[in-house]
Ligand SMILES: Nc1ncnc2c1ncn2[C@@H]1O[C@H](COP(=O)(O)OP(=O)(O)O)[C@@H](O)[C@H]1O
Ligand SMILES: [Mg+2]
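Residue numbers (our numbering): 8 to 308.
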């Protein structure tokens, strides 16, 4: 079957697989000492979780999205499902786990120093259903328990989808050669491969986001590119990597070059670091076009 008729047959553009969390973020002048309370100068709370953030962007940008995840049978679980339904994400792949609490992440930020405590909660009960992945053109996996990442990649490939993996700090999966787009930040890449030489990584295409904004890329022909040019004053970087992933995935699914796709990723990360909260900057294509024009960034939007 040619690519076009396959695309027409698929009823979902992207299925995200990963955590759904509730984020609490506090900006402080300094961290508390032992047995001390300090006042935050600003606070934010809202829905988060890396894959959930990426899918939120993609759905608001107009792609047909689904999600594989798990939430507790609590008020936060309800909020995740209602939010996704509100932006048109199919929630048929999200399990509600009785007697479990939804995942939570608490971040305390002081200047460049960000300290996070997370609780996996119901996320641990995520199950991959190959049936659910079948209608997807593309599956995006964000770092999770090793065995689930491995299973997700294999199931996505069997379903005939392309795969991106934001592996973050997690171990590289055995099936890394099957991953179409492997994503991580430059510190994570250096820790895994000892340098920023993108040919050391066996994934088909490699996408490494750079500190301060932008990305380094290696395509399947071994060509290396760098995209830079948008650097913001960071207010809160929560969800910026997830926003980058969304821009990149959107571009590749529209058939753009990986350089243009990474430029859109860079823009969405830039918009995200300027505000508090992982999903605060999420906007539709019209809003993204406006921001790109304002910044003089040329994109095939
Ligand atoms: N000053 C900045 N201006 C614009 N983008 C930035 C800036 N600093 C970091 N970024 C981008 O934000 C994203 C951060 O992602 P990452 O380092 O993976 O963090 P996380 O996974 O915690 O969100 C990357 O795409 C990076 O290039
Ligand atoms: Mg990241």
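The beta-carbon is built from N, C-alpha and C at its ideal position, and this holds for glycine as well.
If you scan the stretch 65-145 from start to end, which runs of the beta strand (DSSP E) of 3 or more residues do you find wholly inside it?
-> 72-79, 101-104, 110-117, 120-126
Is it buried or exposed for residue 63, if we count other Cβ within 10 angstroms and need 16 for buried?
-> Per the 10 Å Cβ criterion, buried.
Hey, how far is the Cα of residue 237 from the Cα of residue 165?
-> 38 Å
Can you give the Cα-Cα distance for residue 102 and residue 257, rounded to whole angstroms?
-> Rounded to whole angstroms, residue 102 to residue 257 spans 26 Å at the Cα level.
Using a Cβ-Cβ cut-off of 6 Å (strictly less than) and excluding sequence neighbours within five positions of residue 295, which residues of its own chain qualify?
-> none
Between the C-alpha atoms of residue 291 and residue 278, what's the straight-line distance to the nearest angstrom?
-> 13 Å
Mind reading off the beta-carbon distance from residue 211 to residue 227? Whole number of angstroms is fine, and I expect it under 8 Å.
-> Indeed, because the Cβ distance is near 5 Å, the residues count as touching under 8 Å.
Check residue 232 in the structure and name its three-state DSSP category.
-> strand
Backbone CA spacing between residue 136 and residue 240 [nearest angstrom] = 41 Å
Uninterrupted alpha helix (DSSP H) stretches inside the stretch 178-258 (no shorter than 4 residues) | 193-200
At which residues does the alpha helix (DSSP H) containing residue 279 begin and terminate?
-> 265-280
If you pair each beta-carbon of the stretch 19-36 with each one of the stretch 142-161, do three or more pairs fall below 8 Å?
-> yes
Closer than 7 Å: is that where the CB of residue 244 sits relative to any heavy atom of ligand 3?
-> Summarising the ligand content, the structure contains ligand 1 and ligand 2 and does not contain ligand 3.
Decide if the stretch 170-190 is in contact with the stretch 251-265; the criterion is three or more beta carbon pairs, one per stretch, under 8 Å apart.
-> The answer is yes - the stretch 251-265 touches the stretch 170-190, with three or more Cβ pairs under 8 Å.
Helix, strand or coil for residue 305, going by three-state DSSP, please let me know.
-> coil
For residue 171, does the three-state DSSP call read helix, strand or coil?
-> In the three-state scheme derived from DSSP, where H, G and I count as helix and E and B as strand, residue 171 is classed as strand.
CA-CA distance, residue 71 and residue 219?
-> 31 Å
Proximal residues to residue 249 (C-beta, below 6 Å), its chain only, five neighbours per side dropped | The answer, listed in chain order, is 57, 60, 61.
What did DSSP end up calling residue 50 once you bin it into helix, strand or coil?
-> strand
Between the Cα of residue 271 and the Cα atoms of 281, 245, 235, which residue gives the shortest distance?
-> 235
Taking DSSP as the reference, what is the three-state secondary structure of residue 148?
-> strand
With DSSP run on the structure shown, which of helix, strand or coil describes residue 55?
-> strand
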